[in-house]
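Each number in my numbering comes from the position in the sequence shown (counting from 1) with 28 added on. Even for Gly, the Cβ is constructed at its ideal location relative to N, Cα and C. No experiment lies behind these values; they were computed from the predicted model shown. Accompanying notes for the structure given below.
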Amino acid sequence: MRRRLAWLRDIGVMGKVHLDVDSEGLPTFHGMPPYEEIDFLPEVTGPELVALALKDPRNHPLMGGLITILRGIDPDTHVVWKKALAQLEALHASNTIATASNVTAILIDAKASYMEDRDNLDSFLHTAQKNYRYVMSQQEPALPWLAQCMARMFGIDAPLEPDENWWATVREHLELGADSRLFTLTDMVWQRMRVANQYVSRDFPDGVLQIAAKNVVELVYEFHTREKNMLICKLVEDVMFEPLDVPKVPEAAQIVC
């Protein structure tokens, strides 16, 4: 370890590029020249080597760790992580001097968007478990927004404006990731909520409505337990310079995505 660190210092990259860890647990960076001996220096060193290394955004001293994480995340995760990656890569490509505040702002916005959707699922479950009629409420209808909220959680760029016909339009054309269960759960929630709403309009007995609502709640709960975004929040925070604290959304504002 000390020999490698000394060599990285001698070739002029310490503190100027993001260092990762190789398969042997030693510090490295993407495109690093072959390391043979501490006394051996590559032909290109110093500022020229740093300039070459920084052409790869994964080596950026501020963004490199984040870009590496976001490029490698599970595809079945919130769409905001893909957008954050695109913003970081665009910031790198612009050749502007990125600050820690620039980078943190991108990640705070991403986490806030994810947490808003997660809070909305929490609120739906909390309310529906207390009052099953909330599932098919006409005063605060969940059908127009719930499938969109769930879709964003596993990587689909769903609109923020509630639209109960959106899922019906896109469901046959979505490219699925490795975990098709997230799509299946979203589709089942959408279909069963439509059925539950039809039961209400046809004056079905309370017992039937309660069973229909319970089926929806169980599916949303399973989806909630399967979504994979909290680990990404933790990984991102581990390489940030300041915590990604997101202001809490007032509970009354957490019902509509």
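- Beta-bridge partners of D266 (DSSP): none assigned.
- A direct Cα-to-Cα measurement between R86 and V78 gives close to 13 Å.
- CA-to-CA, the gap between Q166 and T132 works out to about 40 Å.
- With contacts defined by Cβ atoms closer than 8 Å, V45 and V163 do not form a contacting pair.
- Under the 8 Å Cβ criterion, the segment 99 to 115 counts as touching the segment 249 to 259, having at least three qualifying pairs.
- Counting only the Cα atoms, L135 lies some 28 Å from M60.
- For K139, the number of other beta carbons within 10 angstroms of its own is at least 16, and it is reported as buried.
- For P55, DSSP records a beta bridge to V49.
- Note on geometry: alpha-carbon atoms of L80 and V41 lie some 11 Å from one another.
- In the three-state DSSP reduction, S141 falls in the helix class (H, G or I).
- Using a 10 angstroms sphere on the CB of L247, the tally of other CB atoms reaches 16 or more, which defines it as buried.
- A Cβ-Cβ contact shorter than 8 Å links D215 with R199.
- Taking C-beta atoms as the reference points, L47 and M29 fail to come closer than 8 Å.
- Sequence-distant partners of L36 (beyond 5 residues in either direction) whose C-beta falls short of 6 Å from its own C-beta, in its chain, are M42.
- In the three-state DSSP reduction, Q238 falls in the helix class (H, G or I).
- Separation of L237 and Y160 (C-alpha to C-alpha, rounded to the nearest whole angstrom) is 8 Å.
- Using a 10 angstroms sphere on the CB of T155, the tally of other CB atoms reaches 16 or more, which defines it as buried.
- DSSP places D38 in the uninterrupted alpha helix (DSSP H) bounded by R30 to D38.
- Counting only residues of its own chain and dropping the five nearest sequence neighbours on each side, V267 has a CB closer than 8 Å to the CB of G93, L94 and I97.
- Here P187 has Q176 and W194 as same chain residues with Cβ atoms under 7 Å from its own Cβ, once five neighbours each way along the sequence are excluded.
- About 5 Å separates the CB atoms of E192 and L171; that is less than 8 Å, so the two are in contact.
- One alpha carbon belongs to E52, the other to K158, and they sit about 53 Å apart.
- Here D104 is buried, its C-beta having at least 16 other C-beta atoms within 10 Å.
- E64 and D84 have their C-alpha atoms roughly 23 Å apart.
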